[in-house]
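Take 7 as the starting number for the sequence shown in the working numbering and just add one per residue.
No residue lacks a Cβ here, since even glycine has one placed at the ideal position from N, Cα and C.
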Amino acid sequence: MTDAPILDPVHEVTDLENADDFTKKHTPVVTLEPAGDGAVRVTVEVGHLVAHPNLPDHFIQWIALYAGGSEVARFELSAVATAPVVSAVLVVDGGTVLRAVASCNLHGLWAGEAVV
């Protein structure tokens with residue numbers, strides 16, 4: 007169960023490299039690599055720069071991936087047993103904005119982006 011408010015705003019980070027550790031551990035990092043035939047492998051990791059806790063009372067509940075504003079994938083995670091790292095292979099046009107939103111059960115929603 008979440009302790010974060012239901013209508014919690016999404017935390018947007020513009021300069022992750024210079025952010026504090028609290029922000030670094032919550033912001034999803036989106037990386038891209040070619041997957042052949044015009045596809046791209048999108049990997050989203052929460053805690054890439056500073057590890058996020060994965061405890062029964064503090065964990066990443068889910069990660070959603072959006073392409074051009076439409077949700078294309080959602081990954082439900084459980085405490086302790088799953089790491090907050092997910093990937094999907096997408097076929098999208100160059101210039102498409104890929105946005106990941108992650109939900110921490112204590113600290114709400116956090117977003118990160120990459121452009122294909």
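By the criterion of a C-beta distance shorter than 8 Å, D14 is surrounded in its chain by G114 and L115, once the five residues flanking it on both sides are discounted. Judged by beta-carbon spacing, L61 lies within the 9 Å limit of V86, meaning their Cβ atoms are closer than that value. Classified as buried, P90 has 16 or more neighbouring CB atoms from the shown chains inside 10 Å of its CB. Listed as beta-bridge partners of F28 by DSSP are no residues whatsoever.
Contiguous alpha helix (DSSP H) elements confined to the region 71 to 96 do not occur, taking only those with 4 or more residues. At the C-beta level, A120 and V48 come within 9 Å of one another.
DSSP places L104 inside the beta strand (DSSP E), whose first and last residues are V103 to C110. Note that the C-beta distance between I69 and P34 is below 9 Å. Under the 10 Å beta carbon count, V97 is surrounded by fewer than 16 other beta carbons and is classified as exposed. For R80, the closest C-alpha among the options D63, V50, P59 and L55 is that of V50.
Across the set Q67, L22 and E77, the C-alpha of L22 shows the shortest separation from the C-alpha of L55.
Per DSSP, the beta-bridge partners of L38 are V48.
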